[in-house]
Amino acid sequence: MSRAAIVGAGPAGFYAAEQLLAAGDAVDLYDALPTPFGLVRAGVAPDHPKIKSVTRIYEKTAARDDFRFFGNVEVGADVSREELLARYDAIVYAVGTALDNRMGVPGEDRPGSVPATEFVAWYNGHPGFADRQFDLSADRAVVVGNGNVAIDVARMLVLGDDELAPTDTADHALDSFAGSGVREVVILGRRGPAQASFTNPELRELGELQRADVAVDPAALDAVTGTEDLTPTAQRNVEILREYAQREPSGKSHRIVLLFLRSPLEVAGDGENGAVAGLRVSVNELDAGGRPVPTEREELIPCGLVVRAIGYRGRPIAGVPFDATRGLIPNDGGRVTGPDGEPLPGEYAVGWVKRGPSGVIGTNKKDAAETTARLVEDRDAGRLNRPSEESSPDAIEAWLRERVPGVVSWGGWQRIDAYEAAAGKTAGRTRRKVVRIPEMLTLAEAEGESEWPPIATTRA
Ligand SMILES: Cc1cc2nc3c(=O)[nH]c(=O)nc-3n(C[C@H](O)[C@H](O)[C@H](O)COP(=O)(O)OP(=O)(O)OC[C@H]3O[C@@H](n4cnc5c(N)ncnc54)[C@H](O)[C@@H]3O)c2cc1C
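Under the working numbering, think of the first position of the sequence shown as 395, with each following residue one higher.
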């Protein structure tokens, strides 16, 4: 039996854990947050509770023998890669891609121009973003990007209070959305309808919103000539968009506009440090390869909020190889590779930080299977890392608890979870999230208490 430290308790970390346990190995699953589940908790939109219920599968993994959760431990900050290598036969990096791609245009850092990573984390109650404030007073917002994250952000901006109220949207975000002045959200794509990365159900959902009409410029569809070379998903997207382009507005109070063939040129505002007042864009054409080429035409879209949802990048961990161009941990089928391209003994990558930020939750299961097969192959060939310190389960836990204050066990997370579920039930919601780490730790440590400790984060 080998013992692996899996770093990151998102889908990729949990699938890797499940597979290693099935192969007879032991797993310690670390996460920087006191709470598990990665983007399932902090990314997936709150109005999609069915998708979030995938966590039930991860709970089954956590209930297995030889599984331990060490939450509130950031690898690279609280403990180092070298400390883990001194104690484990293998490390599996499943840290996801926490940073956003930038548009690279002037004015990008003006107040009101924000990455989707932060906006999404804020409405989902990620403790790192609970104190962020977003000015939602303007009547138009622009979301840059043509993937599902852009759709999520646009949808969240037009959902009504009654639609958000039963969800696990963070309380601070519910308050802000309730006072929002946003009436129109423009989703901006630099390429055409046929090149968008939306998936069909998400795009279709935009046409079924309670209080928002959807609009598409028919000219963008006229430019799509022939769809026979497209993937079935892209073909279906074009059909859905054609139907949207023919729709008459039904007089709903809000509107989502899908605007294609536009690239950001500048986030305009009042003076160099002034807040966002608009987005200047070029009007593009597509070349024969489907790439956007700017024409001489430019437009200014007046708006008060610009959210960029144009992809993610990993955050480097001290001492762990990192491909700064791709924003990933370099690897060969999951084996982390060093500067010479050779695998490093006992170090593996999985999930978004291995292959990039694409694919749905389930994609990470297949991805984990590739990585864990390599690990098991290396284990059987005697090629794993050789710990230099005492590496029994008890010795590792004793070291960690002395080294890092406030480590959260699976039992600790279950107490946070039970509190959130109970608070949600009282309010008729799926869950009310605790959004501050000290309060999470209070709950995690409240073993055996018959009453909940007072938590001040949530609204009355
Ligand atoms: C906004 C958004 C919405 C999405 N919606 C859907 C959807 O509706 N349906 C769907 O199927 N897919 C959706 N996805 C995709 C899905 O969330 C991803 O496929 C999946 O979460 C990737 O898994 P991961 O484990 O690689 O990364 P993550 O889920 O990001 O997990 C990484 C984990 O690592 C932890 N971590 C990071 N650094 C460290 C460190 N140094 N030390 C310790 N821990 C660390 C993080 O806290 C986090 O828990 C969405 C993605 C986004 C961004």
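Every residue gets a Cβ at the ideal spot worked out from N, C-alpha and C, and that includes glycine.
Using the DSSP secondary-structure output, state which residues sit across from Phe-921 in a beta bridge.
Here the chain has residues from 395 to 854 only, and residue 921 is not among them.
Taking only three categories from DSSP, how would you classify Val-829?
Three-state result, Val-829: coil.
Any heavy atom of ligand 1 within a distance shorter than 8 Å of the CB on Thr-719?
Thr-719 Cβ: outside cutoff for every heavy atom of ligand 1.
With distances taken between CB atoms, is the gap from Val-576 to Arg-526 smaller than 9 Å?
The answer is no: Cβ separation not under 9 Å.
Secondary structure at Ala-510, three-state DSSP: helix, strand or coil?
It is helical.
Using beta-carbon positions only, say whether Arg-759 and Tyr-409 come within less than 9 Å of one another.
The question names Arg, but residue 759 is Lys in the sequence shown. Against a cut-off of 9 Å, the Cβ pair of Tyr-409 and Lys-759 comes out as a contact.
Could you check the C-alpha separation between Arg-504 and Pro-428 for me, to the nearest Å?
If I take the Cα positions, the gap works out to 32 Å.
Does DSSP classify Asn-678 as helix, strand or coil?
DSSP places Asn-678 in strand when its eight states are reduced to three.
Could you check whether Tyr-742 and Thr-719 sit closer than 9 Å to each other, using their CB atoms as the reference points?
No. Outside cutoff.
Spell out the partners DSSP gives Asn-644 in its beta bridges.
Note that residue 644 is Ser in the sequence shown here, rather than Asn. Answer by DSSP bridge pairing: none, since Ser-644 is not bridged.
At which residues does the alpha helix (DSSP H) containing Pro-778 begin and terminate?
Sequence inspection shows Leu at residue 778; the Pro mentioned does not correspond to that position. Leu-778 -> no alpha helix (DSSP H), and no H or E assigned at all.
Tell me whether His-566, by its Cβ, gets closer than 8 Å to a heavy atom of ligand 1.
Flag unset: Cβ of His-566 not near ligand 1.
At 4 residues or longer, and completely inside the region 520-553: list those alpha helix (DSSP H) runs for me, N to C.
Whole alpha helix (DSSP H) segments, 4+ residues: 542-552.
Check whether the Cβ of Ala-763 lies closer than 8 Å to any heavy atom of ligand 1, and answer yes or no.
Outside the cutoff, so no.
Does DSSP put Asp-565 in a helix, a strand or coil?
In the structure shown, Asp-565 sits in a helix (DSSP, three-state: H, G or I).
By how many angstroms is the C-alpha of Val-536 removed from the C-alpha of Ile-695?
Their Cα atoms are separated by approximately 8 Å.
Can you check which of these residues, Val-401, Ser-396 and Tyr-638, is closest to Gly-418 by C-alpha distance?
Checked all of Val-401, Ser-396 and Tyr-638; the closest Cα to Gly-418 is Ser-396.
According to DSSP, what are the bridge partners of Thr-731?
DSSP lists Pro-737 as partners of Thr-731.
For a test of the three-state rule: what should DSSP assign to Thr-852, helix, strand or coil?
Because Thr-852 carries a pLDDT of 46, less than 50, the predicted location of this residue cannot be relied on, and no value is offered for it.
Please report the Cβ distance between Arg-450 and Leu-415, rounded to the nearest whole angstrom; I am assuming they are in contact, meaning their Cβ atoms lie under 8 Å.
With a Cβ gap of about 17 Å, Arg-450 and Leu-415 do not count as contacting.
Might you give, ordered along the chain, the residues of its own chain that have their beta carbon closer than 8 Å to the beta carbon of Glu-578, omitting 5 neighbours on each side?
These residues qualify, in order along the chain: Asp-533, Arg-534, Ala-535, His-648, Arg-649, Ile-650 and Val-651.
Starting from the Cα of Glu-502, find the closest Cα among Arg-702, Glu-476, Gly-806 and Ala-821 and give me that residue.
Looking at the Cα atoms, Arg-702 is the closest of the given residues.
Using only the alpha-carbon positions, how far apart do Asp-565 and Asn-779 sit?
Roughly 45 Å separates the two Cα atoms.
With 16 other CB atoms within 10 Å as the buried threshold, where does Asp-556 fall?
Label assigned to Asp-556: exposed.
Using a Cβ-Cβ cut-off of 6 Å (strictly less than) and excluding sequence neighbours within five positions of Leu-837, which residues of its own chain qualify?
Cβ within range, chain order: Arg-809, Ile-810 and Tyr-813.
Can you tell which of Arg-830, Ala-590, Tyr-487 and Val-473 has the C-alpha that lies nearest to the C-alpha of Leu-653?
The shortest Cα separation from Leu-653 among Arg-830, Ala-590, Tyr-487 and Val-473 belongs to Ala-590.
Can you tell me where the alpha helix (DSSP H) holding Val-579 begins and where it ends?
No alpha helix (DSSP H) contains Val-579, which is instead part of the beta strand (DSSP E) from 578-582.
Within 10 angstroms of the Cβ of Thr-820, are there 16 or more other Cβ atoms? Answer buried if so, exposed if not.
Label assigned to Thr-820: exposed.
Answer yes or no: the CB of Asp-546 versus the heavy atoms of ligand 1, is any distance below 8 Å?
The answer is yes for Asp-546.
Quick one: is the Cβ of Glu-477 within less than 8 Å of any heavy atom of ligand 1?
Checking the Cβ of Glu-477 against ligand 1 gives no.
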